[in-house]
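*Asks:* This structure is in structure tokens; I'll ask about it shortly.
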Amino acid sequence: MNTDSELLTAVRDSFAGARFATPLDATIARGRRMSTARCYLDPIRNRQNLHIETGALTETLVLDGKRCTGVRYSVGGEAREAHVTREVVISAGTINSPQLLKLSGIGPGAELQSLGIEVVHDLPGVGENLQDHLEFYFQVACTEPITLYSSIKPWSRALIGARWILRKDGLGATNHFETCGFIRSRPGVPYPDIQYHFLPMAVAYDGSTLAQEHGFQAHVGPMRTKSRGWVRLSSSNPRDKPRILFNYLSEPDDWIEMRACVRLTREIFGQAAFDRYRGREIQPGSDVTSDAAIDAFIRAKVESAYHPSCSCKMGAAQDPMAVVDPDTRVYGLEGLRVVDSSIMPSVTTGNLNAPTIMLAEKAADHILGRGLLPPEDAPFYVAPNWKEAQR
């Protein structure tokens, strides 16, 4: 990445002295995104004890009393069933895992009864506690032509694509989030609760908006918001989409953190390391300084970071809202586990990809009955002045 390496150096320099500025890890190898399907399923597709069914819609679990014995699903409109002798493991994600449990009669009794679903097990936490990360783009014009804006023309894209096809390297072999940082939003917060990742271009995630000039941006948002939402059924038909309410920014502290995100990012881009490159502030805009103006900007521009989680939380048996136990088994049922990001009790302080893979690795050990690894007390940094100062 020769075109934007100078900007990346400026980013790291602007975080000089910070404890949590670092290159951004990514699951990329040989120029390709390494998904869990590619890394875990592709190498074992020919195993005799593995059958992969695609284009299938799981409709309900098959239950014999309080024991799960299989799943009902359909392929191309044809109804099918799969039965197990040991366990069913649901890994349908934070939206569809609670949906499937509820369609099968496992969830808040009143909700299920209102839709005519027989209550097999009244489990009030199913679909509750929904969490996510929010973020916005803080965009600045670049005074030198060194950003990815040079690469958006059709002929440039063609060359990038050809190089990737032939050599699996170059600008097509990275997601361009090459550096990140974690900082604390204010005094009294003991851990870094704001995440940054930097992009050497001013553009929306989906490409729907693109600044018509060289620019760069920080994706920034709080990690531990207090807002909680839910996933609920819209009907008893598995083909109907569930109702989803993330309940974003419903807590006053979430607004405090968002305002800090704007002000601290402006301060970071105001560091001397950016003097050579810093042009006008594209968004929010240099006039967006008051709480009211920042709040209006956040309402207009904030987006999901695509980290839904926590809708089937893991917890202790005495927790009335817990859905799975520490071994990922669904409380009150036999032969049924949930293994995906929905079982997190609270969203992680950082992206979900690696933690979800780790979660699944550990769940696999539980499923196989393997002994636990010895406990490890890994040290982590705590600022000695966290109670009195932001840095």
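My numbering puts the first residue of the sequence shown at 180, with every later residue one more than the last.
Glycine is no exception: its CB is placed at the ideal position from the N, C-alpha and C atoms.
If you're wondering where the values come from, they're calculated on a predicted model, not measured in any experiment.
Cutting at 7 angstroms between CB atoms, please list the residues of its own chain near Tyr485, excluding the five before and the five after it.
*Replies:* Once the five neighbours on either side are set aside, Tyr485 has no close Cβ partner at all.
*Asks:* Taking Gly458 and Val319 to be in contact with their CB atoms under 8 angstroms, please state how far apart those CB atoms are, rounded to whole angstroms.
*Replies:* About 6 angstroms separates the two Cβ atoms, so the contact holds.
*Asks:* Okay, do the stretch 378-390 and the stretch 236-247 touch, 3+ Cβ pairs below 8 angstroms being the bar?
*Replies:* With the cut-off at 8 angstroms, the stretch 378-390 and the stretch 236-247 do not touch.
*Asks:* Which full runs of the alpha helix (DSSP H) of 4+ residues lie inside the stretch 238-283, going along the chain?
*Replies:* Runs found: 272-282.
*Asks:* How about Leu242 and Val299: are their beta carbons less than 7 angstroms apart?
*Replies:* Contact flag set, yes.
*Asks:* Less than 7 angstroms separating the beta-carbons of Gly210 and Asp348?
*Replies:* In this structure, Asp348 lies closer than 7 angstroms to Gly210 by Cβ.
*Asks:* Thinking C-beta only, is Gln310 closer than 7 angstroms to Val526?
*Replies:* For Val526 and Gln310, yes; Cβs fall inside 7 angstroms.
*Asks:* Of the choices Arg346, Ala439, Arg212, whose alpha-carbon is the least far from that of Ser469?
*Replies:* Comparing Cα positions, the closest option is Ala439.
*Asks:* Return yes when the Cβ of Trp409 is within less than 7 angstroms of the Cβ of Gly127, no when it is not.
*Replies:* The structure shown does not extend to residue 127, since the chain spans only 180 to 570, so no value can be given for it.
*Asks:* By DSSP, does Gly196 sit in helix, in strand, or in coil?
*Replies:* Confidence at Gly196 is low in this model, with a pLDDT of 49, below 50, so the placement of that residue should be treated as unreliable; the coordinate-derived value is given next. Gly196 falls in the coil class under three-state DSSP.
*Asks:* Alpha carbon to alpha carbon, how far is Tyr427 from Gln462? Give it in angstroms, no decimals.
*Replies:* Cα to Cα, Gln462 sits roughly 21 angstroms from Tyr427.
*Asks:* From Ser364 to Leu291, what distance separates their C-alpha atoms?
*Replies:* Cα to Cα, the separation comes out at about 41 angstroms.
*Asks:* Assuming the contact rule is C-beta atoms closer than 8 angstroms, Leu313 and Val481 should be a hit. Round their C-beta distance to whole Å, please.
*Replies:* Confirmed, Cβ separation roughly 5 angstroms.
*Asks:* DSSP state of Arg365, grouped into three classes?
*Replies:* Three-state DSSP puts Arg365 in coil, outside helix and strand.
*Asks:* What beta strand (DSSP E) runs, 3 residues minimum, are completely inside the stretch 352-423?
*Replies:* Here the runs fully enclosed are 358-362, 373-378, 394-401, 408-411.
*Asks:* Please go through the same chain and pick out, in chain order, the residues whose beta-carbon is closer than 7 angstroms to the beta-carbon of Gly288, but skip the five residues on each side of it.
*Replies:* Once the five neighbours on either side are set aside, the close Cβ partners of Gly288 are Val298, Asp301.
*Asks:* How far does the beta strand (DSSP E) with Val517 in it reach, from first residue to last?
*Replies:* Where Val517 is concerned, the enclosing beta strand (DSSP E) stretches over 515-517.
*Asks:* Quick one, are the C-beta atoms of Cys321 and Leu203 less than 7 angstroms apart?
*Replies:* Not in contact: Cys321 and Leu203 (Cβ atoms no closer than 7 angstroms).
*Asks:* Touch check for the stretch 389-399 and the stretch 218-238: three-plus C-beta pairs under 8 angstroms?
*Replies:* Segments in contact, no.
*Asks:* Assuming Ala501 and Gly351 make a contact with CB atoms under 8 angstroms, what is their CB distance in whole Å?
*Replies:* About 44 angstroms; that fails the 8 angstroms criterion.
*Asks:* Just confirm the distance between the C-beta atoms of Leu282 and Glu238, as a whole number of angstroms; I'd bet it's less than 8 angstroms.
*Replies:* Yes, they are in contact, since the Cβ atoms of Leu282 and Glu238 sit about 7 angstroms apart, within 8 angstroms.
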